[in-house]
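*Asks:*
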Amino acid sequence: MLKRIISGIRGIGHRVIDSTWRLGYAARFFILVLLKSTTSLRRFGLVIRELYFTGVLSLIIILVSGLFVGMVLGLQGYETLQKFGSESAVGTLVALSLVRELGPVVAALLFASRAGSAITAEIGLMKATEQLSAMGMMAVDPVARVVAPRFWAGVISMPFLAAMFSVMGVFGGYLVTVVFIGVDEGLFWSQMQNNVDFRIDIANGVIKSFFFGIAVAAIAVFEGYDAPPTAEGVSGATTRTVVTSSLAILGLDFILTAFMFRGIS
Amino acid sequence: MPPETLIEVKNLSFSYGSRSILKGVSMTMSRGKVVAIMGGSGSGKTTLLRLIGGTVTPSAGYVKFDNHVVHELNRDALFKLRRKMGMLFQFGALFTDLSVFDNVAFQMREHTDLPESMIRDLVLMKLNAVGLRGAHHLMPGELSGGMARRVALARSIALDPTLIMYDEPFTGLDPISLSVIGSLIRRLTDALGTTAIVVTHDVQESLKIVDYVYFIADGVIAAEGTPKEVSQTVKPFVHQFVHGEIDGPVPFHYPAVAYHSDLQLEDRLA
Ligand SMILES: Nc1ncnc2c1ncn2[C@@H]1O[C@H](COP(=O)(O)OP(=O)(O)O)[C@@H](O)[C@H]1O
Ligand SMILES: [Mg+2]
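Residue numbers (this note's numbering), protein chains in the order written: chain A, 1 to 265; chain B, 266 to 535.
1. Helix, strand or coil for Phe84(A), going by three-state DSSP, please let me know.
2. Counting only C-beta atoms, is Leu65(A) closer than 9 Å to chain B at any point?
3. Would you list the residues sitting across from Pro281(B) in a DSSP beta bridge?
4. Pick helix, strand or coil for Lys500(B), following the three-state DSSP scheme.
5. What residues sit near ligand 1, counting only those whose C-beta is closer than 6 Å to one of its heavy atoms, in chain order?
6. Quick one: residues in its chain with C-beta nearer than 8 Å to the C-beta of Asp432(B), no 5 flanking neighbours on either side, listed in chain order?
7. What do you reckon, are the CB atoms on Val216(A) and Ile249(A) nearer than 9 Å?
8. Could you check whether His402(B) and Val369(B) sit closer than 9 Å to each other, using their CB atoms as the reference points?
9. So, is Ala134(A) buried or exposed, given that buried needs 16 or more other C-beta atoms within 10 angstroms?
10. Given that Phe356(B) touches chain A, what residues does it touch there, using C-beta distances under 8 Å?
11. Nearest to Arg340(B) by alpha carbon, out of Ile214(A), Ala163(A), Asp141(A) and Leu59(A)?
12. Mind listing which residues of the stretch 366-386 of chain B have their C-beta closer than 8 Å to chain A's C-betas, in chain order?
13. Hey, quick one: how far does the beta strand (DSSP E) through Met267(A) stretch, first residue to last?
14. By DSSP, does Thr293(B) sit in helix, in strand, or in coil?
15. For Ser265(A), count the other beta carbons within 10 Å of its own beta carbon; 16 or more makes it buried, fewer makes it exposed. Which is it?
16. For ligand 2, any of its heavy atoms closer than 8 Å to the Cβ of Val321(B)?
17. Taking only heavy atoms of ligand 2 into account, decide whether any of them is closer than 8 Å to the Cβ of Glu433(B).
18. Can the beta-carbon of Thr120(A) be found less than 9 Å from the beta-carbon of Thr238(A)?
19. Can you name the start and end residues of the alpha helix (DSSP H) that Leu247(A) belongs to?
20. Between Gly318(B) and chain A, is the shortest Cβ-Cβ distance under 9 Å, so that the two count as touching?
21. So which of Val395(B), Tyr327(B) and Phe480(B) has the shortest CA-CA distance to Ala456(B)?
22. Can you tell me the Cα-Cα spacing of Phe261(A) and Arg199(A), whole angstroms?
23. Thinking Ser246(A) and Leu161(A) are a contact (beta carbons under 8 Å), I'd like their distance in whole angstroms, please.
24. How long is the line joining the alpha carbons of Thr177(A) and Gln193(A), rounded to whole angstroms?
25. Could you spell out the range, first to last residue, of the alpha helix (DSSP H) harbouring Lys310(B)?
26. With C-beta atoms as the reference, is Ala521(B) less than 9 Å away from Val503(B)?
27. Pairing CB atoms from the stretch 313-332 of chain B with CB atoms from the stretch 85-99 of chain A, are three or more of them under 8 Å?
28. In terms of alpha-carbon separation, which member of Arg398(B), Gly406(B), Met390(B) and Met373(B) lies closest to Leu424(B)?
29. What first and last residue would you give for the beta strand (DSSP E) that runs through Gly447(B)?
30. Using DSSP's beta-bridge definition, name the partner residues of Val286(A).
31. Just the C-alpha distance for Leu277(B) and Ser306(B), rounded to the nearest angstrom, thanks.
32. Give a yes or no on whether the minimum CB-CB distance between Ser265(A) and chain B is below 9 Å.
33. Identify whether Leu59(A) lies in helix, strand or coil by the three-state DSSP scheme.
34. For Met350(B), go through chain A and note every residue whose CB falls closer than 8 Å to its CB, in chain order.
35. Give the C-beta separation of Val328(B) and Ile272(B) to the nearest angstrom, bearing in mind that I take them to be a contact with Cβ-Cβ under 8 Å.
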């Protein structure tokens, strides 16, 4: 009995040490990527190429989801607001929910599962098929040539994707409330303009998505680079990317929101 | 070391963690020769190539390449040295996101300031040497195994290296592709005046093209010699390897306790 308890405790300790070690290893890798980013900046074409794969290919899913989320927000908001006779505020509700929260968060979650997993799988596969070793033997640093451009492409495309998501969402809200339900169009837009602040709402939303971009891209490239060079290894790493970055996005969102909107009445 | 020696490996030892893979390997390779390294799976052949390329560091001994001790070089000098080495990985390791042309052009673009028109000519020359000039626009996924290996071969000679290392270049190829790769290795080595190391299991094919053979077993050089000496040898290990015999110095059975005690015969009889 005592033996079992001891070995249980030992198991927990082992896991804690393991994950702490891995976290430190990931942090070191992150710094390494930053240090080796000069090639990406000097040869920006490398980043542009990856921007196409990470950014443009995620665009469709982001646009479609944004539209639907906006439409649902419009419906739900209208239902509730009309009970208080303030259905004209539905534009404000839709816009604020999107630029403050749903735009950055949902876009980042979608980005993690579409682009983040693809980055992990690609780098992991390059490792498993010895492409990274081959590059090293050709005197080209794979962290500088393969990892850093993908990281920066993720960081750069995230804010744009989040902005697109919000724009589509507002459009979806407009479609549902103004075009289908018949809320006054002038009120919808003017209420929105009066109540959405550029610095407090939009800028903070962009800052959020920028941090989410860093988190997702860093996790995706790390998991890919660290994946065991086998088929199971790569598929496991891909799953971990989606799970870990989703948790990171939601955790970061809470922290950032607490800093940004505390004390705003 | 004498001027005709390109590589000197001396008492080289290496271990992954507590598992020692190489235990004091010594060999010399002369310029312009094709040298084969043979040994069973997991005997440390790829590791030996990695040590020569300086991607791992020995625990004792050294590799001297062109009069430089590889593991003592700093990063920049090591990268400079690696430009003199081409390596053909086991399954080609072509960059899957680049076309055949861009794969061969990769090092030229990374390491030289050659104008694109000259890179084009050079790439087509290299591809022509392996017979695949017409395939320059294909992606690696569209190539057969033998073609991919040939493209990788063209890529490894892109910068006219002094040494080309081939890691199991014959694995998984049909007999025709296999002879093609074999004769390409010999022809390119002679035409470019390079030195080649061929790691292989394929005894019959490689004995046709190499100048000298080393056998690795249990982390040491178990035997060495010219192809002629090797095929006539009476050393049991080499004989078993060359003729593919099932049992011999390399046992068929994984080490185990005695058969009758594993079946608990004594207990049952008692
Ligand atoms: N990165 C590594 N970490 C730990 N052990 C390894 C690693 N790479 C190879 N090994 C082990 O080292 C031994 C020699 O490997 P290798 O040189 O690839 O053999 P070979 O190429 O002769 O088949 C193998 O048993 C292999 O399992
Ligand atoms: Mg090997």
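Just so you know, even glycine gets a beta-carbon here, dropped at the ideal spot from N, CA and C.
*Replies:* Taking the coordinates as given:
1. Translated into the one-based positions of the first sequence, residue 84(A) becomes position 84. Phe84(A): coil per DSSP, three-state reduction.
2. In the first sequence, counting from the first residue as 1, residue 65(A) sits at position 65. Note that residue 65(A) is Ser in the sequence shown, not Leu. Not one chain B Cβ lies under 9 Å of Ser65(A).
3. The residue you call residue 281(B) lines up with position 16 of the second sequence. Position check: residue 281(B) holds Tyr in this sequence, whereas Pro was assumed. For Tyr281(B), which the question treats as bridged, DSSP gives the partners Arg284(B).
4. The count along the second sequence starts at 1 and reaches residue 500(B) at position 235. If DSSP states are grouped into helix, strand and coil, Lys500(B) belongs with coil.
5. Selection output, chain order preserved: Tyr281(B), Ile286(B), Gly304(B), Ser306(B), Gly307(B), Ser308(B), Gly309(B), Lys310(B), Thr311(B) and Thr312(B).
6. By one-based count along the second sequence, residue 432(B) stands at place 167. For Asp432(B), where only same-chain residues beyond five positions count, the Cβ hits under 8 Å are Lys310, Thr311, Leu314, Met352, Leu353, Phe354, Gln355 and Val464.
7. Working through the first sequence from its first residue, we reach residue 216(A) at position 216. Working through the first sequence from its first residue, we reach residue 249(A) at position 249. In this structure, Ile249(A) lies closer than 9 Å to Val216(A) by Cβ.
8. The residue labelled residue 369(B) in the question sits at position 104 within the second sequence. The residue labelled residue 402(B) in the question sits at position 137 within the second sequence. It is not a contact, given that the beta carbons lie outside the stated cut-off.
9. Taking the first residue of the first sequence as 1, we reach residue 134(A) at position 134. Around the C-beta of Ala134(A), 16 or more other C-beta atoms lie within 10 Å, and the residue is accordingly described as buried.
10. Translated into the one-based positions of the second sequence, residue 356(B) becomes position 91. Contact note: Phe356(B) reaches chain A through Thr129 and Glu130, using a C-beta cutoff of 8 Å and chain order.
11. Working through the second sequence from its first residue, we reach residue 340(B) at position 75. Ranking Ile214(A), Ala163(A), Asp141(A) and Leu59(A) by Cα distance to Arg340(B) puts Asp141(A) first.
12. The stretch 366-386 of chain B vs chain A, Cβ under 8 Å: Phe371, Gln372, Glu375 and His376.
13. Because residue 267(A) is not part of the residues shown, which for chain A are 1 to 265, the question remains open.
14. Reading the second sequence from its first residue, position 28 is the one you call residue 293(B). Thr293(B): strand per DSSP, three-state reduction.
15. Locating residue 265(A) in the first sequence gives position 265, counting from the first residue. Confidence at Ser265(A) is low in this model, with a pLDDT of 44, below 50, so the placement of that residue should be treated as unreliable; the coordinate-derived value is given next. Exposed, because fewer than 16 other Cβ atoms sit within 10 Å of the Cβ of Ser265(A).
16. Within the second sequence, the letter at position 56 stands for residue 321(B). Checking the Cβ of Val321(B) against ligand 2 gives no.
17. Locating residue 433(B) in the second sequence gives position 168, counting from the first residue. Within the cutoff, so yes.
18. The sequence position of residue 120(A) within the first sequence is 120, counting from 1. The sequence position of residue 238(A) within the first sequence is 238, counting from 1. Cβ distance < 9 Å, so Thr120(A) and Thr238(A) count as in contact.
19. As a working note, residue 247(A) is residue 247 in the first sequence. Run containing Leu247(A): Ala231 to Phe261, per the alpha helix (DSSP H) assignment.
20. Here residue 318(B) is taken as the residue at index 53 of the second sequence, counted from 1. Yes, contact with chain A.
21. One-based indexing of the second sequence puts residue 456(B) at position 191. Closest by alpha carbon: Val395(B).
22. Against the first sequence, residue 261(A) aligns to sequence position 261. Against the first sequence, residue 199(A) aligns to sequence position 199. Cα-Cα distance, rounded: 11 Å.
23. One-based indexing of the first sequence puts residue 246(A) at position 246. One-based indexing of the first sequence puts residue 161(A) at position 161. Going by Cβ atoms, the distance from Ser246(A) to Leu161(A) rounds to 16 Å, so no, they are not a contact pair.
24. In the first sequence, residue 177(A) corresponds to position 177, counting from 1. In the first sequence, residue 193(A) corresponds to position 193, counting from 1. CA-to-CA, the gap between Thr177(A) and Gln193(A) works out to about 17 Å.
25. For the purposes of this step, residue 310(B) is taken as residue 45 along the second sequence, with counting starting at 1. Element bounds for Lys310(B): Lys310 to Gly318.
26. If you number the second sequence from 1, residue 521(B) lands on position 256. If you number the second sequence from 1, residue 503(B) lands on position 238. Cβ distance not < 9 Å, so Ala521(B) and Val503(B) don't count as in contact.
27. Short answer: they don't touch.
28. Here the question's residue 424(B) lines up with position 159 in the second sequence. Closest option to Leu424(B), judged by alpha-carbon separation, among Arg398(B), Gly406(B), Met390(B) and Met373(B): Met373(B).
29. Taking the second sequence and counting its residues from 1, the one referred to as residue 447(B) is at position 182. Looking at the DSSP string, Gly447(B) is not in any beta strand (DSSP E); the run it does join, the alpha helix (DSSP H), is Pro440 to Leu457.
30. One cannot answer for residue 286(A) here, as it falls past the ends of chain A, which runs 1 to 265.
31. What you label residue 277(B) is simply residue 12 of the second sequence in a count that begins at 1. What you label residue 306(B) is simply residue 41 of the second sequence in a count that begins at 1. In this model, Leu277(B) and Ser306(B) are separated by some 19 Å (Cα to Cα).
32. Your numbering for residue 265(A) matches position 265 in the first sequence. Because Ser265(A) sits at a pLDDT of 44, beneath the cut-off of 50, its placement in the model cannot be relied upon, and the point is left open.
33. Here residue 59(A) refers to the residue found at position 59 of the first sequence. Leu59(A) falls in the helix class under three-state DSSP.
34. Translated into the one-based positions of the second sequence, residue 350(B) becomes position 85. Under the 8 Å cutoff, chain A gives Met137.
35. As a position in the second sequence, residue 328(B) is number 63, starting the count at 1. As a position in the second sequence, residue 272(B) is number 7, starting the count at 1. 7 Å between Cβ atoms; contact.
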